[in-house]
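Chains as they are written, first to last, in this note's numbering: chain A, 1 to 442; chain B, 1 to 442. We treat Cβ as the ideally placed atom computed from N, Cα and C, and that holds for glycine. A short write-up of the structure that comes next.
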């Protein structure tokens with residue numbers, strides 16, 4: 001009998017295993033493919049590795065303004081892919097080491113969760129006091145005629161591309177779509193993004209999204225456009241004016257979203273609603289002792305949300321009350337330039353009826369940003385509760401803002417007031433200072 | 001009659017002017033050279049601009065591991081200097097705009113501060129209810145025989161170099177010395193650093209300093225070594241074993257420290273102690289209505305400390321009680337790789353008799369760091385109060401950690417406990433996560 005059986009070793013599952021094991025719990029984790037899950041093996045990590053390569057290529061080609069010249073700059077896809085593979089192998093070993101170090105049993109295979117305490121893998125039954133469902137999600141293949149054609153690939157397949165195409169059409173202007181669009185456009189490849197909504201990255205502040213499109217202007221964005229069918233190399237779509245149009249391309253990336261992996265859970269007695277396992281803010285399902293974390297809950301499809309959910313579950317199992325809060329979950333898009341945010345946008349605050357004040361500052365007004373990025377665009381926008389003066393949201397576009405947003409998450413989670421933040425000393429010169437400078441504008 | 005007269009328009013002075021002007025105070029700021037002071041014109045900003053150029057050069061040459069190849073990578077010093085100059089001009093206009101926007105009067109000239117309320121510039125007298133002394137500091141030229149030789153330059157002169165030398169000797173292994181050493185060594189120039197103490201950057205955690213030297217191993221570090229004399233191109237020094245040695249070089253950089261600018265204050269009646277204007281934690285001097293901020297106080301020779309001190313003064317003048325705290329002042333060294341820290345080091349805590357627990361984590365254990373930096377070294381070390389569980393210090397070496405340290409400053413300033421920090425969600429994959437992961441090791 002295990003204290004905890006975890007189904008799925010992605011960032012929800014393996015972090016829960018690590019934390020529980022470190023506290024002396026007897027833990028079993030079951031993974032059908034590779035430790036690390038989608039995030040490590042075919043999501044966050046490999047895309048970031050490839051994006052970094054493409055950014056290095058772009059910078060090597062375009063640093064003359066700063067006095068740096070290079071000739072015959074070339075991008076070797078198989079080398080970039082080999083490095084990505086080495087990164088995956090290395091981090092996978094890291095997770096395996098953590099499992100061993102924390103005395104977590106690991107079993108490979110498909111888990112069948114049938115009753116409240118029992119999980120069957122490879123014909124063998126295991127019993128656990130507590131079960132954590134962390135089965136993750138898969139790319140959603142949209143019901144577009146021809147979407148199963150030979151040039152159509154999901155994120156999973158693109159990560160194993162063997163030859164760079166001359167042109168790419170990305171269907172879907174969300175985070176995954178934009179990261180691939182950035183990768184290919186950084187390499188000088190003609191890139192089109194087709195998005196049904198009226199703006200890219202729907203949850204992003206509209207002001208940021210606008211600057212982002214301007215900064216990524218080598219990409220052709222087709223907003224309010226609907227793909228009607230795919231015919232070999234031809235993507236047929238209806239543009240924002242309702243006109244039929246065609247783009248011919250060598251690669252079509254399907255990036256319209258992801259769907260929770262619930263197929264194996266259908267006979268488990270779990271309450272499944274709108275294709276996801278229903279949980280409360282303590283990650284409890286309808287079955288006693290059974291929790292669900294990460295993408296399978298559909299609550300917040302982000303690796304770090306899954307990890308935090310895993311920690312919330314372990315805390316409870318260890319007798320510490322804890323619950324999941326979504327008001328300070330940061331996000332980052334690792335495009336060139338990067339975007340990141342945490343907390344409420346102005347329009348979300350309005351939708352919730354919260355009276356807010358906001359301020360924005362152009363990144364080029366920041367000393368370090370200007371020194372390192374010249375006249376490139378970038379933006380910092382802050383959202384503050386008008387009554388309490390508490391910081392509710394920080395939204396960033398430009399440079400390495402993915403590394404700055406954790407600071408905002410800390411301040412929002414700690415419910416700091418603007419007057420308190422003004423007393424925090426930011427290093428000068430740093431791009432991070434812009435958060436404080438923008439708050440001083442209020 | 002002004003509400004406030006500020007002597008010196010560096011980051012202490014101009015930030016105070018901006019904040020006071022924004023609140024309707026009648027402000028005069030006096031600057032003898034350029035708005036922005038040393039930081040903007042011949043310190044932080046120009047060095048960061050040049051360092052960025054040298055990092056781009058180094059990356060363009062050494063990204064084959066990531067699949068990026070470039071031929072004939074060259075560094076054009078005059079272009080890098082021209083860009084640095086454009087950055088300075090741009091930011092200087094920015095400060096001028098802020099002065100105008102906040103209705104701050106600006107006068108150019110040498111200020112003579114003679115009595116409690118009066119300041120004379122270019123023969124004209126100005127009176128202020130409050131005076132803020134923000135005269136800054138200057139490079140300290142060490143009393144080494146031959147230090148006035150033709151190859152010897154302080155930071156100020158190096159920033160106007162017209163030709164790259166084949167070799168450099170940097171005297172002083174502090175922040176300024178290391179940043180120049182990094183600039184030249186990034187460009188492939190033979191670089192020697194001679195430091196009297198037994199470790200570089202004395203205030204840095206010893207574990208970090210060790211990794212830093214290892215990562216910058218193209219630089220020859222001579223620790224516990226004393227320069228005896230300079231004879232043209234020959235630097236004579238005594239090495240750590242007490243043996244006399246000579247390095248022949250084309251450029252000698254004097255970076256042994258800075259001294260507060262107090263010459264113009266000697267007859268002011270201000271209490272000057274050990275070469276600096278004495279202040280309390282509200283930046284009050286011995287004279288009523290006279291404050292001093294920034295380098296001239298010798299308290300913390302960092303641009304952002306100066307700015308915060310300026311804000312502390314303005315708060316008080318506006319009737320809000322505020323005082324200066326030094327426990328959460330971050331610092332950053334913009335070398336390749338970068339180092340940054342905030343709060344107490346382990347040894348500082350011990351010196352203060354505080355019972356602490358610490359944890360360290362290698363950066364290469366972090367997914368994003370490994371994907372972008374491979375097997376490069378890097379370190380995160382945290383210092384926590386053993387009794388209260390409050391975070392006291394965060395110390396980072398690697399990648400763009402200068403942009404991550406503001407988050408640590410926020411957490412230390414807010415006096416967060418480890419248990420609270422564990423509930424903050426950090427974005428994945430980001431290097432910033434390593435702070436949380438290191439805290440989980442405790």
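Using 8 angstroms as the Cβ pair cut-off and three pairs as the minimum, do the segment 17-24 of chain A and the segment 306-315 of chain A touch?
-> The segment 17-24 of chain A makes contact with the segment 306-315 of chain A: 3 or more CB pairs, one atom from each, lie closer than 8 angstroms.
inquiry  = Please identify, using Cβ separations under 9 angstroms, the residues of the segment 92-111 of chain A that lie next to chain B, in order along the chain.
reply    = Within the segment 92-111 of chain A, the qualifying residues are 94.
Quiz item: So residue 6 (chain B) is in the beta strand (DSSP E); what residue range does that whole segment cover?
Solution: 2-7
query: Going along chain A in order, which residues have a C-beta closer than 8 angstroms to the C-beta of residue 44 (chain B)?
result: Neighbours of residue 44 (chain B) on chain A, chain order: 367, 428, 429.
Counting only Cβ-Cβ distances shorter than 7 angstroms, please list the residues of the segment 316-334 of chain B near chain A, keeping chain order.
328, 329, 330, 331, 332
Practice task
Measure the CB-CB distance between residue 38 (chain B) and residue 10 (chain B) and report whether it falls below 7 angstroms.
Solution key: yes
By the 10 Å Cβ neighbour count, where 16 or more other Cβ atoms means buried, how is residue 166 (chain A) classified, buried or exposed? exposed
message = Distance check for residue 211 (chain A) and residue 374 (chain A), CA to CA, integer angstroms please.
response = 15 angstroms
With distances taken Cα to Cα, identify the nearest neighbour of residue 86 (chain A) among A:49, A:65, A:74, A:56. A:49
message = Does the structure place the segment 402-420 of chain B close enough to the segment 400-418 of chain A that three or more beta carbon pairs sit under 8 angstroms?
response = yes
| When burial is assigned at 16 or more other CB atoms within 10 Å of the CB, is residue 203 (chain A) buried or exposed? | exposed
Next on the checklist: Counting only beta-carbon separations shorter than 7 angstroms, does residue 73 (chain A) have a partner in chain B?
Outcome noted: yes
Can the beta-carbon of residue 275 (chain B) be found closer than 7 angstroms to that of residue 12 (chain B)? For residue 275 (chain B) and residue 12 (chain B), no; Cβs fall outside 7 angstroms.
| query | According to the Cβ coordinates, are residue 225 (chain A) and residue 247 (chain A) closer than 7 angstroms? | reply | no
Next on the checklist: If we define contact as Cβ-Cβ less than 7 angstroms, is residue 48 (chain B) a contact residue for chain A?
Outcome noted: yes
Please confirm if residue 69 (chain A) has its CB atom under 7 angstroms from at least one CB of chain B. Answer yes: the Cβ-Cβ gap between residue 69 (chain A) and chain B drops below 7 angstroms somewhere.
Query raised in the report: Excluding sequence positions up to five away, which residues of its chain have a Cβ less than 6 angstroms from the Cβ of residue 382 (chain B)?
Result: 359, 394, 438, 439
If distances are taken between C-alpha atoms only, which option among B:426, B:44, B:76 comes closest to residue 302 (chain A)? Just measuring C-alpha positions, the residue of B:426, B:44, B:76 sitting nearest residue 302 (chain A) is B:426.
_Three Cβ pairs or more, each shorter than 8 angstroms: is that satisfied between the segment 277-295 of chain A and the segment 126-137 of chain A?_
These segments touch.
Rounded to whole angstroms, how far is the Cβ of residue 222 (chain A) from the Cβ of residue 192 (chain A), which I believe are closer than 8 angstroms? 7 angstroms
Where does the unbroken alpha helix (DSSP H) through residue 181 (chain A) begin, and where does it stop? 175-186
| said: I'd like to know if residue 362 (chain A) contacts chain B, where contact means its C-beta is closer than 7 angstroms to some C-beta of that chain. | reply: no
If contact means a Cβ-Cβ distance below 7 angstroms, which residues of the segment 378-407 of chain A contact chain B? 400, 402, 403, 404, 405, 406, 407
* To do: Would you tell me roughly how many angstroms separate the C-alpha atoms of residue 213 (chain B) and residue 380 (chain B), rounded to the nearest one?
  => 16 angstroms
Report task. Please work out which residues of its chain come closer than 6 angstroms, Cβ to Cβ, to residue 372 (chain A), disregarding the five sequence neighbours upstream and downstream, and give them in chain order. Result -> none
Can you give me the start and stop residues for the beta strand (DSSP E) that residue 44 (chain B) sits inside?
Counting along the chain, residue 44 (chain B) falls outside any beta strand (DSSP E), though it belongs to the alpha helix (DSSP H) covering 44-61.
_Among the candidates A:105, A:344, A:33, A:431, whose CA atom is the shortest distance from the CA of residue 390 (chain A)?_
Per the C-alpha coordinates, the member of A:105, A:344, A:33, A:431 positioned closest to residue 390 (chain A) is A:344.
In chain A, which residues lie less than 7 angstroms from residue 372 (chain B) when you measure between Cβ atoms?
Under the 7 angstroms cutoff, chain A gives 52.
- Message: I'd like to know if residue 56 (chain B) contacts chain D, where contact means its C-beta is closer than 7 angstroms to some C-beta of that chain.
- Response: The displayed structure is made up of protein chains A and B, and chain D is not among them.
TODO: Work out the CA separation of residue 281 (chain A) and residue 325 (chain A) for me, nearest whole Å.
DONE: In this structure, the alpha-carbon of residue 325 (chain A) lies about 7 angstroms from that of residue 281 (chain A).
Checklist line | Selection of the segment 215-226 of chain B by Cβ proximity to chain A, strictly under 7 angstroms | finding: Those would be none; no residue qualifies.
Any heavy atom of the ligand SAM closer than 6 angstroms to the CB of residue 267 (chain A)?
The model on display carries no ligand, and the ligand SAM is accordingly not part of it.
message: Starting from residue 72 (chain A), trace the beta strand (DSSP E) in both directions and tell me its first and last residue.
response: 68-75
request  = Thinking residue 131 (chain A) and residue 120 (chain A) are a contact (beta carbons under 8 angstroms), I'd like their distance in whole angstroms, please.
outcome  = At roughly 12 angstroms, the Cβ-Cβ gap does not stay under 8 angstroms, so residue 131 (chain A) and residue 120 (chain A) are not in contact.
Residues that residue 79 (chain A) contacts on chain B, provided the C-beta gap is smaller than 9 angstroms:
64, 65, 66, 67, 68, 69
Could you give the distance in angstroms between the alpha-carbon of residue 63 (chain B) and the alpha-carbon of residue 164 (chain B)?
24 angstroms
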